[in-house]
Amino acid sequence: MRILSYNLRKHSAAAELDARADRWDPDVMCLQEADVENLPSHIDGLRLAAATDRNRLGLAIYYRESSYHFVESVSMGLKKSLHDIVLRPAHERLLGVQLFDIDGGREITFASFHAAPLTALNSLRRSQIRSALQALERLGPGTPTFMAGDYNYPVFKERLGDQIRDHGYDMTLSDTRTYTRYRFFKGHYDFVTSRGLSIGEVVTLPQGSSDHLPILIEAEYRRDRR
0 MRILSYNLRK HSAAAELDAR ADRWDPDVMC LQEADVENLP SHIDGLRLAA ATDRNRLGLA
60 IYYRESSYHF VESVSMGLKK SLHDIVLRPA HERLLGVQLF DIDGGREITF ASFHAAPLTA
120 LNSLRRSQIR SALQALERLG PGTPTFMAGD YNYPVFKERL GDQIRDHGYD MTLSDTRTYT
180 RYRFFKGHYD FVTSRGLSIG EVVTLPQGSS DHLPILIEAE YRRDRR
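Put into structure tokens, the structure is as follows:
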């Protein structure tokens, strides 16, 4: 399966989605910072599974109808940073969708995630990630799980990786950095957390209108079905 994740930067890169879906042919697309009211129901053969509805900058997930059936979804707020309390850009920072894989004959959980901005502490983002993984476990207990998005975590990833592994998940970065706007904050912001899946290539795609570069992930089920 191929999953594309993209932070649209206040919806400014939304016009690119059809071309990117046509060029990279993803099975699932996870979006952040989308104006969900202006998202189409379909993008190049992908159907809108769910979107947040209480965010100024929302999350959305699309899936290929020929490969999956929609089962259910959940969106939720996570521990708030001062930025969230004052400016209120996002009440919901996690969107999870459970799909039934037609060919694989099993359910799989996908999630789009957007952590608190850099004004917050890494400890708060770790708390958000932990809460997000726990919520996805409740959505799809024991199912293969995939969470992609903007983690806003450019430094000290070793500690984050240790915490994620302690919860039974893997963390996979892309081949090159995904954020380029500010000189001193460039790095890997957009990456993948997974369980029960083997993650192959995670490729950073060419930059468009967003300050984030999209990533394209290749994944398959683990043979041991962990």
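Going by numbering that gives the first Met the number 0, the first residue of the sequence shown is number 0, and it counts up by one from there.
C-beta atoms are modelled at their ideal positions from N, C-alpha and C, and glycine is treated no differently.
#1: Hey, could you find the ends of the alpha helix (DSSP H) Asp226 is sitting in?
#2: Can you find the residues in the same chain that come closer than 7 Å, C-beta to C-beta, to Asp174, ignoring five residues on each side of it along the sequence?
#3: For Glu136 and Gly186, I'd like the C-alpha separation in whole angstroms.
#4: With which residues is Gly95 paired in a DSSP beta bridge?
#5: Ordered along the chain, which non-local residues of its own chain (more than five positions away) have a Cβ less than 6 Å from that of Gly207?
#6: Looking only at its own chain, which residues have a Cβ that is under 7 Å from the Cβ of Lys9, when we skip the five neighbours before and after it?
#7: Would you kindly report the start and end of the unbroken alpha helix (DSSP H) that includes Asp161?
#8: Please work out which residues of its chain come closer than 8 Å, Cβ to Cβ, to Ser197, disregarding the five sequence neighbours upstream and downstream, and give them in chain order.
#9: Exposed or buried, which one is Ala49 when buried takes at least 16 other CB atoms within 10 Å?
#10: Does at least one heavy atom of the ligand NAD sit under 7 Å from the Cβ of Tyr152?
#11: Go to Asn151, then tell me how far its beta strand (DSSP E) extends in each direction, as first and last residue.
#12: Per DSSP, Gln133 is paired with what?
#13: Determine whether the beta carbon atoms of Leu120 and Asn151 lie at a separation below 8 Å.
#14: Got a sec, what are the start and stop residues for the beta strand (DSSP E) Ala218 sits in?
#15: DSSP three-state call for Gln206: helix, strand or coil?
#16: Does the distance from the C-beta atom of Asp34 to that of Ala20 stay below 8 Å?
Taking the definition as stated:
#1: The chain is shown from 0 up to 225; residue 226 falls before or after that span and cannot be answered.
#2: One-based indexing of the sequence shown puts residue 174 at position 175. The residues are Val201, Val202, Thr203.
#3: The residue you call residue 136 lines up with position 137 of the sequence shown. The residue you call residue 186 lines up with position 187 of the sequence shown. If you draw a straight line from the Cα of Glu136 to the Cα of Gly186, it is about 29 Å long.
#4: Here residue 95 refers to the residue found at position 96 when the sequence shown is read from its first residue. For Gly95, which the question treats as bridged, DSSP gives the partners Val73, Ala110.
#5: Here residue 207 refers to the residue found at position 208 of the sequence shown. The answer, listed in chain order, is Ala12, Glu15.
#6: Translated into positions along the sequence shown, residue 9 becomes position 10. These residues qualify, in order along the chain: Glu32, Leu56.
#7: The residue you call residue 161 lines up with position 162 of the sequence shown. Segment 156 to 165, the alpha helix (DSSP H) holding Asp161.
#8: By 1-based counting over the sequence shown, the position of residue 197 is 198. Listed in chain order, the non-local C-beta contacts of Ser197 below 8 Å within the same chain comprise Ala218, Glu219, Tyr220, Arg221, local neighbours out to five positions each way being set aside.
#9: Numbered from its first residue, the sequence shown carries residue 49 at position 50. With 16 or more neighbouring CB atoms inside 10 Å of its own CB, Ala49 falls in the buried class.
#10: This structure does not include the ligand NAD; it has no bound ligands of any sort.
#11: As a working mapping, residue 151 is identified with position 152 in the sequence shown. Per DSSP, Asn151 belongs to no beta strand (DSSP E) and is neither H nor E.
#12: Along the sequence shown, one-based indexing puts residue 133 at 134. In DSSP, Gln133 forms no bridge with anything.
#13: The sequence position of residue 120 within the sequence shown is 121, counting from 1. The sequence position of residue 151 within the sequence shown is 152, counting from 1. Their beta carbons are not under 8 Å apart, which means Leu120 does not touch Asn151 by this criterion.
#14: Locating residue 218 in the sequence shown gives position 219, where the first residue counts as 1. Bounds of the beta strand (DSSP E) holding Ala218 are 214 to 220.
#15: If you number the sequence shown from 1, residue 206 lands on position 207. Of the three classes helix, strand and coil, the one that applies to Gln206 here is coil, per DSSP.
#16: By one-based count along the sequence shown, residue 34 stands at place 35. By one-based count along the sequence shown, residue 20 stands at place 21. Taking a C-beta distance under 8 Å as the contact criterion, Asp34 and Ala20 do not qualify as a contact pair.
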